[in-house]
Amino acid sequence: MSKKIYLDYAATTPVDPNVFEAMEPYFSVKFGNASSLHQFGQDAQQGVILARNQVANFLGCEEKEVIFTGGATEGNNAIIKGFGLNKKLAQAVGGPLRQGKDEASKIHIISTKIEHESVSDSIEFLVKEGLAEASFLTVSREGIVDPAELAEAIKPNTVLVSVMYANNEIGSVQPIAAIGELLKKLNKDRANKIYFHTDAVQAVNYLDCNVQKLGVDFLTLSAHKFYGPKGIGAMFVKQGSVFTKYLHGGEQEFKMRSGTHNTPGIVGLGAAIELIGERQKDNEKIKQLRDKLIGGVLKIEGAVLNGSRENRLPNNANFRFAKAEGEAILIALDLEGIAVSTGSACASRALEPSHVLLALGLEHLEAHSSIRFSLGRFTEEKDIDRVLEVLPGVIGRLRGITGGVNDRKSKLLKSIGC
Ligand code: PMP
């Protein structure tokens with residue numbers, strides 16, 4: 000069988016060999032605990048110091064504004080839940096907190112309908128606990144938030160806006176700098192500041208993440224999306240921002256995030272983020288290959304690109320194929336050695352279509368017939384040629400046999416009110 004083709008870089012990326020090389024000593028000779036005072040500890044700490052510097056350079060912030068985490072799920076949970084747990088803030092926006100009884104005593108958070116679950120579920124958690132109220136902004140058919148709609152959603156008790164930089168399913172890029180500018184203006188006349196968080200996980204490898212230019216108070220990222228290791232991330236927390244300590248037990252990370260440093264991971268994150276600048280040329284190549292893929296796939300009858308043609312990450316292409324099922328396409332391509340992902344999360348586990356695709360205004364069946372291709376540093380032209388060779392046949396075969404399946408699925412979805 001020919002080489003396997005990986006087109007799921009939005010899910011995760013392989014560790015770059017240079018990153019792996021930088022990490023290796025921290026598993027062996029430099030194994031010390033970065034908080035230990037002896038030489039072993041100091042050697043490990045040097046790695047943490049360098050990585051913090053690399054991240055701060057990338058983000059254009061102070062080193063003390065970089066907090067290492069176990070990934071972006073942790074960062075997003077920590078930042079958002081921290082607002083809900085901050086009693087002083089609730090008092091400031093509406094008097095003493097009387098759980099669930101007095102809307103005015105709750106903080107208000109604004110987010111969007113297309114966020115990653117680590118953001119939306121954290122907000123929903125606060126709402127369920129009676130600690131916050133929330134507004135989730137709609138997006139255009141192209142998956143973009145309108146800053147004017149955001150301005151209208153702001154209330155006196157709004158304390159946090161959380162808008163992702165780039166979407167993980169359709170790659171749509173949000174106007175973060177424009178929102179940052181808007182909030183800066185509005186904050187001038189407000190009693191309580193509205194803080195601004197962006198989940199930049201999918202953006203880091205492709206877009207300018209300078210936090211001054213973006214005008215954000217919080218930014219979260221995750222190394223495994225940019226050729227670093229899994230289980231390590233960082234958050235930018237602007238000095239003086241509302242932040243509630245969420246892991247107690249030690250003084251690491253400026254007393255904001257306790258726990259022994261994951262030195263190999265931190266060093267890997269630093270090395271990977273530094274490499275991004277050097278690899279910008281790769282991104283041009285990736286975009287050309289992605290455009291070739293889009294051009295070729297759209298020749299297939301009934302194929303439609305989900306999201307914006309222009310305003311999307313250079314490595315993302317998400318299509319729907321009338322009368323073919325996403326999961327069936329994924330499995331058929333996997334059998335051909337091509338790894339992709341369903342735009343629809345109607346996995347074997349649940350019949351839920353993707354909330355992102357529904358937010359674009361797609362019908363449930365359209366969402367269920369979607370597939371995401373995400374390219375990366377190691378994608379080659381022959382990989383795209385292979386996809387374009389195989390895909391028309393796959394779709395044709397599935398349409399031949401899955402028309403009926405789709406009809407049955409449609410009835411099933413209707414019967415459960417999906
Ligand atoms: N936000 C976005 C947009 C993501 O794509 C992901 C990962 N799929 C996360 C957050 C969570 O990141 P992590 O894997 O580091 O927990």
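So the sequence shown is numbered by numbering that gives the first Met the number 0: it starts at 0 and just counts up by one. Every residue, glycine too, gets a C-beta built ideally from N, C-alpha and C.
DSSP state of residue i mapped onto helix, strand, coil
{"i": "T219", "result": "strand"}
{"i": "D198", "result": "strand"}
{"i": "N484", "result": "The structure shown does not extend to residue 484, since the chain spans only 0 to 417, so no value can be given for it."}
{"i": "L297", "result": "coil"}
{"i": "V303", "result": "strand"}
{"i": "Q98", "result": "With a pLDDT of 49 at Q98, under the threshold of 50, the modelled position of this residue cannot be trusted; read the value that follows with caution. Correct three-state label for Q98: coil."}
{"i": "D290", "result": "helix"}
{"i": "I193", "result": "coil"}
{"i": "V65", "result": "strand"}
{"i": "D207", "result": "coil"}
Residue of the options minimising C-alpha distance to residue i
{"i": "Q232", "options": "L297, T219 and K244", "result": "A small correction: the amino acid at residue 232 is Gly; Gln does not occupy that position in the sequence shown. For G232, the nearest C-alpha among the options comes from T219."}
{"i": "G258", "options": "G227, Y245 and E351", "result": "Y245"}
{"i": "G170", "options": "E123, F235, G227 and A9", "result": "A9"}
{"i": "G375", "options": "Q201, K29 and I106", "result": "Q201"}
{"i": "D198", "options": "E114, H247 and F320", "result": "E114"}
{"i": "L397", "options": "F320, T11, K112 and F39", "result": "F320"}
{"i": "V162", "options": "L125, G214 and I109", "result": "I109"}
{"i": "K212", "options": "L181, A190 and Q38", "result": "L181"}
{"i": "L329", "options": "K154, V138 and S368", "result": "S368"}
{"i": "V389", "options": "T341, L359, L357 and D333", "result": "D333"}
{"i": "P313", "options": "V18, L364, N305 and N204", "result": "N204"}
{"i": "R385", "options": "L364, K291 and L304", "result": "K291"}
{"i": "S34", "options": "K254, P146 and E123", "result": "K254"}
{"i": "K192", "options": "V266, G325, A89 and L288", "result": "A89"}
{"i": "T72", "options": "L361, L58 and K229", "result": "K229"}
{"i": "Q45", "options": "H247, V266 and L185", "result": "V266"}
{"i": "N310", "options": "V393, E379, K286 and V126", "result": "K286"}
Residue i versus residue j - alpha carbon distance
{"i": "D7", "j": "G295", "result": "18 Å"}
{"i": "T262", "j": "G301", "result": "49 Å"}
{"i": "D439", "j": "E64", "result": "Any property of residue 439 remains undetermined from this structure, which presents the chain solely from 0 to 417."}
{"i": "N75", "j": "L84", "result": "14 Å"}
{"i": "R97", "j": "S104", "result": "Here R97 scores only 48 on pLDDT, less than 50, and its place in the model is too uncertain to base an answer on."}
{"i": "G269", "j": "P146", "result": "33 Å"}
{"i": "A165", "j": "V172", "result": "4 Å"}
{"i": "V28", "j": "D42", "result": "9 Å"}
{"i": "I337", "j": "V54", "result": "34 Å"}
{"i": "R189", "j": "G93", "result": "14 Å"}
{"i": "S119", "j": "E168", "result": "15 Å"}
{"i": "Y5", "j": "R308", "result": "22 Å"}
{"i": "S221", "j": "V14", "result": "13 Å"}
{"i": "K237", "j": "L149", "result": "22 Å"}
Alpha helix (DSSP H) runs contained entirely in the segment 322-377, provided each spans 4 or more residues:
325-334, 354-358 and 363-367
Just list the beta strand (DSSP E) runs in the segment 106-190, keeping only unbroken ones of 3 residues or longer that don't cross its boundaries, in chain order.
106-111, 131-136 and 157-161
Quick check for students: name the residue ranges of the beta strand (DSSP E) that lie wholly in the segment 215-282, counting only runs of 3 or more.
217-221 and 232-236
Hey, which unbroken runs of the alpha helix (DSSP H) at 4 residues or more fall wholly within the segment 15-54?
16-22
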